[in-house]
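See structure below.
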Amino acid sequence: MSDKVMPIGFGQGFRSELPGIPWAAIAHHEKQAQSNHDQTLDELRGRGGLAPCEAVAIIEDCRWHEMGLLASIFRLKELVPEWKD
C-alpha cells in the first residue's frame, strides 16, 4: 500500500493538522480534478494540496462549490474510510 497522501490545507500557505487523504481514496478521481482545477492530482499535491471543500468536490465527482469548513471536514470523514472516528 502506498504512503502517498493528498495534503489538506486552508489556502494561502496555511497548513492544517488534518491528516492527508490517502492516495487510494482520491486517485481514481483524476478526471474531476482536471475539470475543477485544470491540474492533475499530482500537480495539486505539489502546490500544497486541497482545501477540504475542494477535496469533497473531487471525491464526489462534482464541480467545486463553496462549502463551510466544518461541513466539508465532516463530509470528508464520511467519504474517506481512514478519517472515520
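Here the working numbering is used: position 65 in the sequence shown is 329, and no number is missing along the way. We treat Cβ as the ideally placed atom computed from N, Cα and C, and that holds for glycine. Bear in mind the structure is a predicted one, so any value in this text is a computation, not a measurement.
Rounded C-alpha distance that separates residue i from residue j
i    : j    : result
E307 : M331 : 23 Å
I322 : P271 : 14 Å
A315 : K268 : 17 Å
Burial state of residue i (16 or more Cβ within 10 Å)
i    : result
A289 : buried
P345 : exposed
E324 : exposed
R327 : exposed
L305 : buried
R311 : exposed
Which residues DSSP lists as bridging residue i, in chain order
i    : result
V269 : P286
L314 : I272
Evaluate the contact criterion for the region 334-348 versus the region 298-305: three or more CB pairs, one atom per stretch, below 8 Å. Remark: fewer than three beta-carbon pairs, one from each stretch, lie closer than 8 Å, so the region 334-348 and the region 298-305 are not flagged as touching.
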